[in-house]
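Position 53 of the first sequence, counted from 1, bears residue number 53 in the numbering used here, the numbering being contiguous throughout.
Below: one structure, written as structure tokens.
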Amino acid sequence: MFNKRTRIKELLASDSANYETTVMGWVRSFRNNQFIALNDGSTNNNLQVMVALGMVDDVTLKGISPGACIKAVGEIIPSLGKGQKIELKASSIEILGECDGEKYPLQIKNRPSLEYLREIAHLRFRTNTFGAVFRIRHALAYAIHKFFNDKGFVYLHTPIITASDAEGAGEMFKVTTLPLDGTAPKNEDGTINFKEDFFGRATNLTVSGQLEGELAAMAFSDIYTFGPTFRAENSNTTRHLAEFWMIEPEVAFNDLEDNMNLAEEFIKYVIRHAMDNNKEDLEFLTQRLEEEEKQKPQTERAEMGLMDKLNFVVNNDFERLTYTDAITILKESNHNKKKKFQYLIEGWGVDLQSEHERYLVEKHFKKPVILTDYPKEIKAFYMRQNDDGKTVAAMDILAPGIGEIVGGSQREERLDKLMQRMQEMHIPAEELWWYLDTRKFGACPHAGFGLGFERLVQFVTGMGNIRDVIPFPRYPKSAEF
RNA sequence: UCCUCCUUAGCUCAGUUGGUUAGAGCAUCUGACUGUUAAUCAGAGGGUCAUCCGUUCAAGUCGGAUAGGGGGAGCCA
Numbered sequence: 001m002f003n004k005r006t007r008i009k010e011l012l013a014s015d016s017a018n019y020e021t022t023v024m025g026w027v028r029s030f031r032n033n034q035f036i037a038l039n040d041g042s043t044n045n046n047l048q049v050m051v052a053l054g055m056v057d058d059v060t061l062k063g064i065s066p067g068a069c070i071k072a073v074g075e076i077i078p079s080l081g082k083g084q085k086i087e088l089k090a091s092s093i094e095i096l097g098e099c100d101g102e103k104y105p106l107q108i109k110n111r112p113s114l115e116y117l118r119e120i121a122h123l124r125f126r127t128n129t130f131g132a133v134f135r136i137r138h139a140l141a142y143a144i145h146k147f148f149n150d151k152g153f154v155y156l157h158t159p160i161i162t163a164s165d166a167e168g169a170g171e172m173f174k175v176t177t178l179p180l181d182g183t184a185p186k187n188e189d190g191t192i193n194f195k196e197d198f199f200g201r202a203t204n205l206t207v208s209g210q211l212e213g214e215l216a217a218m219a220f221s222d223i224y225t226f227g228p229t230f231r232a233e234n235s236n237t238t239r240h241l242a243e244f245w246m247i248e249p250e251v252a253f254n255d256l257e258d259n260m261n262l263a264e265e266f267i268k269y270v271i272r273h274a275m276d277n278n279k280e281d282l283e284f285l286t287q288r289l290e291e292e293e294k295q296k297p298q299t300e301r302a303e304m305g306l307m308d309k310l311n312f313v314v315n316n317d318f319e320r321l322t323y324t325d326a327i328t329i330l331k332e333s334n335h336n337k338k339k340k341f342q343y344l345i346e347g348w349g350v351d352l353q354s355e356h357e358r359y360l361v362e363k364h365f366k367k368p369v370i371l372t373d374y375p376k377e378i379k380a381f382y383m384r385q386n387d388d389g390k391t392v393a394a395m396d397i398l399a400p401g402i403g404e405i406v407g408g409s410q411r412e413e414r415l416d417k418l419m420q421r422m423q424e425m426h427i428p429a430e431e432l433w434w435y436l437d438t439r440k441f442g443a444c445p446h447a448g449f450g451l452g453f454e455r456l457v458q459f460v461t462g463m464g465n466i467r468d469v470i471p472f473p474r475y476p477k478s479a480e481f
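Have a look at this one:
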């Protein structure tokens, strides 16, 4: 069987030696016509493969170049060199795929920028940084399913193509099979006649699975979604993508506090999972970040390293406070009094700017913050109205360095209140008849939240740009690969 | 979309008040070397200075437009 091989991670995990094995992987470097640093992606650490003089023919020797894919058979022996405990003494080397050094853009001794690597995203998996990032991304995805599964949640697949344009979460990508050359069927008023379209109506890519998630929560009690989400906003930032993955739990019988507890427990659980299972990768990224920090002036450097930050987050309670209290803190802050905010806090009711969120999280509390009970005017129609008539049972979790990582709320289960709010916000009730049905047929208090997966990966890996934590990022003017 | 900065060799970057043939390190290629660790040593090749237009006797250098990228803002997850 061709694929009979041992993963390098397993070989390096044990100190035992003097046994035959087969490895396959990609050459990171070839020193002294003798030492291959071989990587198979199971870990960032390379296996040293030793090629004794005369062991392979000249053609094969020439083929051992950075980037080439090889199969090596031989004996694992204690290494004579200092950099590693064991190595493979090759008895045969086979070039599975050669690699032209003149054209291959990745060399171990070069330090390509993240921006350059983004242009060769099809190859960047072969770098230590992206190896670590995407192994951690995988671990987090696994931990998400494990967390919810162990709690008895049902994983619900919500539709990717949707006809509802109701939530107003952002601009949507249109989905159609109608011709784009101007010959699409038209109504009398000149607008496109979507009755002729594939679905017989106008459709889009989903911006959220929440509304559908609520439907299932009204039967299974506890559900979560984890799938791709699309926003056609012209956002050019380090924390927005046009295509991203979102986790949306929805839980019947939960109120806002239960919702916060679930979100906090969830975040700590998945981070802890990565810390337990991806220690080497996190240590590598910690070090990488430390070197990056050294390039910055003293005043701009982060107070904590990546590992310390993650430890701190899993071992400390998130700070919880209401929007109203946050406004008071911001208003009373020296920062505000000395007019250091670009947008000064003057009164209750305005939405917080990122500078305010950053101040609360990074300067005032120095830990993740959960803000609750926002003014109803700045939040979505489905959030439950509080008794004060001014606020809704919303909660946002703000993380250091990233900002909003979670947005959630207790949902409005009272039909009259919901209808009234929809009317005020000009949301067509007839389009959401199925959503409103749940408020007629056995409604119950329930709550949920949405968590941007890539922002979570950013937080755990310390990567500054969200485009570097998804394999093939989609953003304005960019859909290569 | 707005503000701001950037674009010089495959990569990371120098390039002075505008002035002769645009440099370095690494990578690559050729050769040497058989216990290397970002291996080392010798040699070689490699440039439409993002693109277009302008100012000037003369533009990598000054001005404008366009494209791409970074950082910040808005929208949000």
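Note that CB positions come from ideal geometry on N, CA and C, so glycine has one too.
Practice problem: Could you tell me whether the region 128 to 147 touches the region 276 to 291, where touching means 3 or more Cβ pairs closer than 8 angstroms? | Solution: yes
For residue 157, does the three-state DSSP call read helix, strand or coil?
Numbered from 1 along the first sequence, position 157 holds the residue referred to as residue 157. Coil.
Entirely enclosed beta strand (DSSP E) segments - the region 361 to 428, minimum 3 residues:
369 to 372, 394 to 399 and 403 to 410
Which residue's Cα is closest to the Cα of residue 452: 310, 181, 98 and 396? Stepping through the first sequence from its first residue, residue 452 is reached at position 452. For residue 452, the nearest C-alpha among the options comes from 396.
Okay, do the region 232 to 243 and the region 102 to 114 touch, 3+ Cβ pairs below 8 angstroms being the bar?
no
_With 16 other Cβ atoms within 10 Å as the buried cut-off, status of residue 505_ = With the chain running from 1 to 481 in the structure shown, residue 505 is simply not present.
Terminal residues of the beta strand (DSSP E) in which residue 482 lies:
Past the edges of the chain, shown from 1 to 481, lies residue 482, and the structure says nothing about it.
Quick one: using the 10 Å Cβ neighbour count with 16 as the cut-off for buried, is residue 208 buried or exposed? The count along the first sequence starts at 1 and reaches residue 208 at position 208. Residue 208 comes out buried.
Cβ-based burial, residue 14 [other Cβ within 10 Å; buried from 16]: As a first step, residue 14 must be located in the first sequence, where it is residue number 14. Residue 14 is exposed by the Cβ-count criterion.
Run of the beta strand (DSSP E) containing residue 245, from where it starts to where it stops: Counted from its first residue, the first sequence places residue 245 at position 245. Looking at the DSSP string, the run of the beta strand (DSSP E) that includes residue 245 is 243 to 252.
Just checking my contact of residue 21 with residue 11 at CB under 8 angstroms: how many whole Å lie between their CB atoms? Residue mapping note: residue 21 aligns to position 21 of the first sequence, counting from 1. Residue mapping note: residue 11 aligns to position 11 of the first sequence, counting from 1. Indeed they touch by this definition, with Cβ atoms about 7 angstroms apart.
Please state whether DSSP places residue 108 in a helix, a strand or coil. Within the first sequence, the letter at position 108 stands for residue 108. Coil, per DSSP.
- Look up residue 196 in the DSSP assignment and say whether it is helix, strand or coil. The residue given as residue 196 occupies position 196 in the first sequence. Helix.
C-alpha distance - residue 428 paired with residue 477, whole-angstrom precision
Walking along the first sequence from the start, residue 428 turns up at place 428. Walking along the first sequence from the start, residue 477 turns up at place 477. The alpha-carbon atoms of residue 428 and residue 477 are separated by roughly 33 angstroms.
>> What would DSSP say about residue 72, mapped onto helix, strand or coil?
In response: Translated into positions along the first sequence, residue 72 becomes position 72. DSSP places residue 72 in strand when its eight states are reduced to three.
Quiz item: Are residue 448 and residue 249 close, meaning C-beta to C-beta below 7 angstroms?
Solution: Numbered from its first residue, the first sequence carries residue 448 at position 448. Numbered from its first residue, the first sequence carries residue 249 at position 249. Yes, these two residues count as a Cβ contact at 7 angstroms.
> CB-CB under 7 angstroms to residue 425, same chain, minus the five flanking residues each way: which ones, in chain order?
Replying inline: Against the first sequence, residue 425 aligns to sequence position 425. The residues are 381.
Using 7 angstroms as the threshold, is the C-beta distance between residue 367 and residue 315 below it?
For the purposes of this step, residue 367 is taken as residue 367 along the first sequence, with counting starting at 1. For the purposes of this step, residue 315 is taken as residue 315 along the first sequence, with counting starting at 1. No, the Cβ-Cβ distance between residue 367 and residue 315 is not below 7 angstroms.
Quiz prompt | residue 448: first and last residue of the uninterrupted beta strand (DSSP E) it sits in | solution = For the purposes of this step, residue 448 is taken as residue 448 along the first sequence, with counting starting at 1. Residues 446 to 452.
Report yes if the C-beta distance between residue 226 and residue 95 is below 7 angstroms; otherwise report no.
By one-based count along the first sequence, residue 226 stands at place 226. By one-based count along the first sequence, residue 95 stands at place 95. No. Outside cutoff.
Practice task
Going by CA-CA distance only, name the one from 377, 378, 358 and 123 that's closest to residue 370.
Solution key: If you number the first sequence from 1, residue 370 lands on position 370. Minimum Cα distance to residue 370 is reached at 358.
| field | Three-way DSSP call (helix, strand, coil) for residue 48 in this model | value | For the purposes of this step, residue 48 is taken as the residue at position 48 of the first sequence. In this structure, residue 48 counts as strand in the three-state DSSP scheme.
Are at least three pairs of beta-carbons, each pair with one atom in the region 252 to 271 and one in the region 213 to 232, less than 8 angstroms apart? yes
(message) Going by beta-carbon coordinates alone, are residue 264 and residue 318 separated by less than 7 angstroms?
(response) As a position in the first sequence, residue 264 is number 264, starting the count at 1. As a position in the first sequence, residue 318 is number 318, starting the count at 1. Result yes, Cβ atoms of residue 264 and residue 318 sit closer than 7 angstroms.
TODO: For residue 298, count neighbouring Cβ atoms within 10 angstroms of its own Cβ and tell me buried if that reaches 16, exposed if not.
DONE: Here the question's residue 298 lines up with position 298 in the first sequence. It counts as exposed.
Exercise. Output the distance between the C-alpha atoms of residue 275 and residue 441, rounded to the nearest integer angstrom.
Key: Here residue 275 is taken as the residue at index 275 of the first sequence, counted from 1. Here residue 441 is taken as the residue at index 441 of the first sequence, counted from 1. Answer to the nearest angstrom: the Cα atoms are 44 angstroms apart.
May I have the straight-line CA-CA distance separating residue 272 from residue 24, to the nearest angstrom?
-> Position 272 of the first sequence, counted from the first residue, corresponds to residue 272. Position 24 of the first sequence, counted from the first residue, corresponds to residue 24. Taking the straight line from one Cα to the other gives about 31 angstroms.
Could you give the distance in angstroms between the alpha-carbon of residue 338 and the alpha-carbon of residue 353? For this step, residue 338 is matched to residue 338 along the first sequence. For this step, residue 353 is matched to residue 353 along the first sequence. Roughly 17 angstroms between the two C-alpha positions.
- Task: State whether the region 373 to 391 contacts the region 300 to 307, with contact taken as three or more CB pairs (one from each stretch) at a distance under 8 angstroms.
- Result: no
Would you please state the rounded distance, in angstroms, between the beta carbons of residue 133 and residue 68? I believe it to be under 8 angstroms.
Along the first sequence, one-based indexing puts residue 133 at 133. Along the first sequence, one-based indexing puts residue 68 at 68. Between residue 68 and residue 133 the Cβ distance is about 24 angstroms, and since that is not below 8 angstroms, they are no contact.
- prompt: Quick one: is residue 348 buried, meaning 16 or more other Cβ sit within 10 Å of its Cβ, or exposed?
  reply: Walking along the first sequence from the start, residue 348 turns up at place 348. With fewer than 16 other Cβ atoms within 10 Å, it is exposed.
Practice problem: Pick out the complete beta strand (DSSP E) segments inside the region 75 to 156, 3 residues or longer, and give them in chain order. | Solution: 86 to 97
Q. Under three-state DSSP, which class holds residue 175?
A. Here residue 175 corresponds to residue number 175 of the first sequence, with the count starting at 1. Three-state DSSP puts residue 175 in a strand.
When DSSP labels each residue in this structure, what does residue 483 get in the three-state scheme?
-> The structure shown does not extend to residue 483, since the chain is modelled only from 1 to 481, so the question has no answer here.
> What is the rounded straight-line gap between the Cα of residue 327 and the Cα of residue 47?
Replying inline: As a working mapping, residue 327 is identified with position 327 in the first sequence. As a working mapping, residue 47 is identified with position 47 in the first sequence. If you take the alpha carbons of residue 327 and residue 47, they lie about 55 angstroms apart.
Residue burial classification, residue 116 (beta-carbon count within 10 angstroms, cutoff 16):
Sequence index remark: in the first sequence, residue 116 carries index 116 (1-based). Its Cβ having fewer than 16 others within 10 Å, residue 116 is exposed.
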